[in-house]
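Visitor: These protein sequence lines are chains S and L, in that order.
For the first sequence, the positions run 320 to 570 when the numbering used here is used.
For the second sequence, the positions run 104 to 413 when the numbering used here is used.
Built from N, CA and C at the ideal position, the CB exists for glycine as well.
Before anything else, here's the structure in question.
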Amino acid sequence: MTGFPTLLYKEVLRFWKVSFQTVAAPVLSALLYLLVFAHALASHVQVFPGVSYVQFLIPGLAMMAMLQNAFANSSSSIIQSKITGNIVFILLPPMAPVEIFAAYLVAAMVRGLVVGLGVFAATLWLIPIPVAKPLWAIGFAVVGSGMLGVLGIVAGIWSEKFDQLAAFQNFLVMPLTFLAGVFYSVHSLPPFWRGLSRLNPFFYAIDGFRYGFFAQSDVSPWASLAFATATFTALSLLTLQLLRRGYKLRH
Amino acid sequence: MSVAAAAAVDIRGVEKRFGAVHALRGVSLEVRPGEFFGLLGPNGAGKTTLISALGGLARPDSGSLAVMGHDVAGDFRAARRAVGIVPQEIVFDPFFTVRETLRIQSGYFGLRRNDAWIDELLERLALASKAEANMRSLSGGMKRRVMVAQALVHRPPVIVLDEPTAGVDVELRQTLWQFIRGLNAAGHTIVLTTHYLEEAQQLCSRIAMMKDGRIVAMDSVANLLAAFSERVLRVKLEGGELPAALATNATRDEAGYWRIPVEDMAQVETVLARLREAGATLSGLEVSEPDLEEVFLHIMRRPGQELRAP
């Protein structure tokens, strides 16, 4: 490990310097979702017994924000460096592919977790929610933001233009997050959509995370953990392979 | 240096294609430790691709490259520690100040406490007053000097500068060359590409010229000048004729000057004496020294095959 600590520090500093945009803005978005959906649906929906809809919504929104921001951090940093050309300053030093991978990944997770904490901090004084199984909540926060942090690295490496990255975000990440049971329980869906949701790794991150608060979930937390961890591991192996081959980075 | 000492840069049979473009066609060259080596050639000759391959930014299809005896693929950590590359395009990270940029770059090489050397670099590159300024606020020439500093944070024995003076004003260019010459005198090996041939002639001890992905000439500057360039006496005659003895070697240019190749200054005197004897009167006279530009044009105009200066 030569450059890993510095690259991690640089990546964290990079989003922290513009934290109004990278942390405050997504927290505000999550709050707006909460206000609008809570107002519209609170009286109609009760997903888990003893849990109000607003309470049900908060962990989902927090996880959605974590997933989106972890993705945004690694993908936007890499594509900006590629397009402006300053990626050479990372490619010329004696850093191994695994160091580069780990630094972008951990920075993305830090951003995701900071935004997630921000969402809880902002909602805490509105609606208190229980934390029944804190270790599960932490575990899924880490795996979920890790999964999307890696996906962001892949998207940043693969994209050559900003609109390609936007397509990745709008046509893959957004639909998968919105269809992952943030706003509803997948049990309320018709069988076809329920089945489809079970193929969505984001669903497991959200469902498992919610288990950490209410000790209730759509599927077993162990199954969720296994599925989310497997996705994270597979994406990591793919990304490391891309970095080792220098795919779209070393020509 | 003993004979066995590793070359500073050792490039052997490097081939590289980008799709249909054959960027490097079997390039081999060796730069000795402590040399000031010039890599010249027109745009698209493959210079930047070769430098990219040396820094691990491009991967050759075949052949090998080594810096201070370390293979750039097999022993990439040691190879990258041994070389500092200043890329051709001005690039920077707009999130950071000059000092942050240099601290971060040091950290990538595993150097945690590098402030004394960073301060010295800032001082010597006339950037000290801009240390806390954001990269965005710097002029192009200053950004270029920060890039030079970034390439030197780890004190590499081999320094590669890819057209470092393109678009840099005269004063800055002088500061930069003074600095690079100092590094060379202190033992650093310098590899330079430039389009300013007079710079290359002044600075470099040895030169390779590239064309279409090949090295077409490689020798010391002195040998290249001797082989491909000549001292020429240019005279314009007002009255009288050019004596027959002189006319055999002479050619006439568009401006009406006779161009007479001469070996040295003594021969200039002989030619002038003969002209006087023949009753010729001069309205114009010039002696042009051999220069690298002439060598360059001569070599670039030759048809394709690899040749070396005799």
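Residue 409 of chain L to residue 152 of chain L, Cα distance in whole Å?
Guide: Position 306 of the second sequence, counted from the first residue, corresponds to residue 409 of chain L. Position 49 of the second sequence, counted from the first residue, corresponds to residue 152 of chain L. Because the pLDDT of residue 409 of chain L is 47, which lies under 50, any placement of that residue in the model is unreliable, and the question is left without a value.
Visitor: Can you confirm whether residue 489 of chain S, when its beta carbon is compared against all beta carbons of chain L, has any partner nearer than 8 Å?
Guide: Position 170 of the first sequence, counted from the start, is the residue given in the question as residue 489 of chain S. Cβ-Cβ to chain L under 8 Å: no for residue 489 of chain S.
Visitor: Based on DSSP bridge pairs, tell me the residues matched to residue 470 of chain S.
Guide: As a working mapping, residue 470 of chain S is identified with position 151 in the first sequence. Per DSSP, none; premise fails for residue 470 of chain S.
Visitor: Identify the residues that DSSP records as bridge partners of residue 340 of chain L: which are they?
Guide: Reading the second sequence from its first residue, position 237 is the one you call residue 340 of chain L. DSSP, once it has assigned bridges, lists L:385 as partnering residue 340 of chain L.
Visitor: 8 Å is my cut-off, CB to CB: does residue 425 of chain S come that close to chain L?
Guide: The residue labelled residue 425 of chain S in the question sits at position 106 within the first sequence. No, residue 425 of chain S lies away from the interface with chain L (no Cβ there is under 8 Å from its Cβ).
Visitor: Shorter than 8 Å from the beta carbon of residue 377 of chain S to some beta carbon of chain L?
Guide: The count along the first sequence starts at 1 and reaches residue 377 of chain S at position 58. Output row for residue 377 of chain S: interface = no.
Visitor: With respect to the alpha helix (DSSP H) encompassing residue 336 of chain S, which residues constitute its N-terminal and C-terminal limits?
Guide: Locating residue 336 of chain S in the first sequence gives position 17, where the first residue counts as 1. That residue, residue 336 of chain S, is in no alpha helix (DSSP H); it is neither H nor E in DSSP.
Visitor: For my contact list, residue 471 of chain S and residue 339 of chain S are in at a C-beta cut-off of 8 Å; report their separation, rounded to the angstrom.
Guide: As a working note, residue 471 of chain S is residue 152 in the first sequence. As a working note, residue 339 of chain S is residue 20 in the first sequence. Wrong, their Cβ atoms sit about 21 Å apart, outside the cutoff.
Visitor: List the residues of chain L that residue 321 of chain S touches, going by C-beta distances under 8 Å, in chain order.
Guide: On the first sequence, position 2 is the one that residue 321 of chain S refers to. Simply 180, 211, 212 and 213.
Visitor: Which ranges does the alpha helix (DSSP H) cover as unbroken runs of at least 4 residues, wholly within the segment 222-257 of chain L, from first to last along the chain?
Guide: Taking only runs of at least 4 residues, the alpha helix (DSSP H) segments lying wholly in the segment 222-257 of chain L are 243-255.
Visitor: Does the separation of the CB atoms of residue 425 of chain S and residue 327 of chain S fall below 8 Å?
Guide: Along the first sequence, one-based indexing puts residue 425 of chain S at 106. Along the first sequence, one-based indexing puts residue 327 of chain S at 8. Yes, Cβ-Cβ distance for residue 425 of chain S and residue 327 of chain S is below 8 Å.
Visitor: How many whole angstroms separate the CB atoms of residue 385 of chain S and residue 458 of chain S, which I take to be in contact at a CB cut-off of 8 Å?
Guide: As a position in the first sequence, residue 385 of chain S is number 66, starting the count at 1. As a position in the first sequence, residue 458 of chain S is number 139, starting the count at 1. That belief does not hold up - the Cβ atoms of residue 385 of chain S and residue 458 of chain S are roughly 13 Å apart, past 8 Å.
Visitor: Under a CB-based cut-off of 8 Å, is residue 294 of chain L close to chain S?
Guide: Here the question's residue 294 of chain L lines up with position 191 in the second sequence. It does not: the Cβ of residue 294 of chain L has no partner Cβ on chain S nearer than 8 Å.
Visitor: Give a yes or no on whether 8 Å exceeds the smallest Cβ distance from residue 569 of chain S to chain L.
Guide: Within the first sequence, residue 569 of chain S is the residue found at index 250, counting from 1. So, interface residue.
Visitor: Using a Cβ-Cβ cut-off of less than 7 Å, give me the residues of the segment 170-201 of chain L that come near chain S, in sequence order.
Guide: Residues passing the 7 Å Cβ filter: 179, 180, 183, 184, 188, 190, 192, 194, 195, 196 and 198.
Visitor: Can you find a C-beta in chain L that's less than 8 Å from the C-beta of residue 339 of chain S?
Guide: Position 20 of the first sequence, counted from the start, is the residue given in the question as residue 339 of chain S. Residue 339 of chain S does not count as touching chain L.
Visitor: Return the CA-CA distance between residue 364 of chain S and residue 372 of chain S, expressed in angstroms with no decimal places.
Guide: Taking the first residue of the first sequence as position 1, residue 364 of chain S is located at position 45. Taking the first residue of the first sequence as position 1, residue 372 of chain S is located at position 53. Those two C-alpha atoms are separated by around 6 Å.
Visitor: Determine, for residue 417 of chain S, whether the minimum Cβ-Cβ distance to residues of chain L falls below 8 Å.
Guide: Working through the first sequence from its first residue, we reach residue 417 of chain S at position 98. Output row for residue 417 of chain S: interface = no.
Visitor: What residue does the beta strand (DSSP E) around residue 361 of chain L start on, and which one ends it?
Guide: As a working mapping, residue 361 of chain L is identified with position 258 in the second sequence. Start and end: 361-365.
Visitor: Could you say which of L:316, L:296, L:315 and L:317 lies nearest to residue 309 of chain L if we only look at CA atoms?
Guide: Looking up residue 309 of chain L in the second sequence gives position 206. For residue 309 of chain L, the nearest C-alpha among the options comes from L:296.
Visitor: Looking at the ligand ZN, does it come within less than 7 Å of residue 166 of chain L, judged from the CB to the closest heavy atom?
Guide: Among the components modelled here there is no ligand, and therefore nothing to report on the ligand ZN.
Visitor: May I ask you to verify whether the segment 215-229 of chain L touches the segment 299-315 of chain L, counting CB pairs closer than 8 Å and requiring at least 3?
Guide: Because the criterion of three Cβ pairs below 8 Å is not met, the segment 215-229 of chain L and the segment 299-315 of chain L do not touch.
Visitor: When DSSP labels each residue in this structure, what does residue 571 of chain S get in the three-state scheme?
Guide: Residue 571 of chain S lies beyond the residue range present for chain S, which begins at 320 and ends at 570; the question has no answer from this structure.
Visitor: Determine whether the Cβ of residue 407 of chain S lies closer than 8 Å to any Cβ atom of chain L.
Guide: Looking up residue 407 of chain S in the first sequence gives position 88. Yes, residue 407 of chain S counts as interfacial toward chain L.
Visitor: Kindly indicate if chain S contains any beta-carbon less than 8 Å away from that of residue 205 of chain L.
Guide: As a working mapping, residue 205 of chain L is identified with position 102 in the second sequence. No, residue 205 of chain L does not count as interfacial toward chain S.
Visitor: Near residue 135 of chain L, what residues of its chain come up, given a Cβ to Cβ distance below 7 Å and the 5 sequence neighbours on each side ignored?
Guide: Here residue 135 of chain L refers to the residue found at position 32 when the second sequence is read from its first residue. Around residue 135 of chain L: 110 and 111.
Visitor: Hey, residue 368 of chain S and residue 529 of chain S: beta-carbon distance below 8 Å or not?
Guide: As a working mapping, residue 368 of chain S is identified with position 49 in the first sequence. As a working mapping, residue 529 of chain S is identified with position 210 in the first sequence. Against a cut-off of 8 Å, the Cβ pair of residue 529 of chain S and residue 368 of chain S comes out as no contact.
Visitor: Express the C-alpha separation of residue 346 of chain S and residue 442 of chain S in angstroms, rounding to a whole number.
Guide: Within the first sequence, numbered from 1, the residue matching residue 442 of chain S stands at position 123. Within the first sequence, numbered from 1, the residue matching residue 346 of chain S stands at position 27. Using only the alpha carbons, I get a separation of about 10 Å.
Visitor: Using three-state DSSP, classify residue 200 of chain L as helix, strand or coil.
Guide: On the second sequence, residue 200 of chain L is found 97 positions in, with the first residue counted as 1. In the structure shown, residue 200 of chain L sits in a strand (DSSP, three-state: E or B).
Visitor: Since residue 311 of chain L sits in a beta bridge, which residues does DSSP pair it with?
Guide: The residue you call residue 311 of chain L lines up with position 208 of the second sequence. Answer is L:142 and L:321.
Visitor: As a quick exercise: from L:192, L:184, L:397 and L:250, pick the residue whose alpha carbon is nearest that of residue 424 of chain L.
Guide: The structure shown does not extend to residue 424 of chain L, since chain L is modelled only from 104 through 413, so no value can be given for it.
Visitor: With a CB to CB cut of under 6 Å and the five nearest residues on each side skipped, what residues in its chain are close to residue 364 of chain L?
Guide: What you label residue 364 of chain L is simply residue 261 of the second sequence in a count that begins at 1. So the list reads 333, 335 and 352, once near-sequence residues are dropped.
Visitor: For a test of the three-state rule: what should DSSP assign to residue 118 of chain L, helix, strand or coil?
Guide: Counting from one through the second sequence, the residue named residue 118 of chain L turns up at place 15. Three-state DSSP puts residue 118 of chain L in a strand.
Visitor: Taking 6 Å as the limit between beta carbons, can you name the residues of its chain near residue 499 of chain S, skipping five residues before and five after?
Guide: Here residue 499 of chain S refers to the residue found at position 180 when the first sequence is read from its first residue. Cβ within range, chain order: 519, 521, 522 and 525.
Visitor: For the segment 509-529 of chain S, enumerate the residues whose C-beta is nearer than 7 Å to any C-beta of chain L, in chain order.
Guide: Per Cβ criterion, the list is empty.
Visitor: Short of 6 Å in beta carbon distance, which residues of its chain neighbour residue 366 of chain S, apart from the five on each side in sequence? Order them along the chain.
Guide: As a working mapping, residue 366 of chain S is identified with position 47 in the first sequence. Excluding residues within five positions, the ones whose Cβ falls inside 6 Å are 375 and 504.
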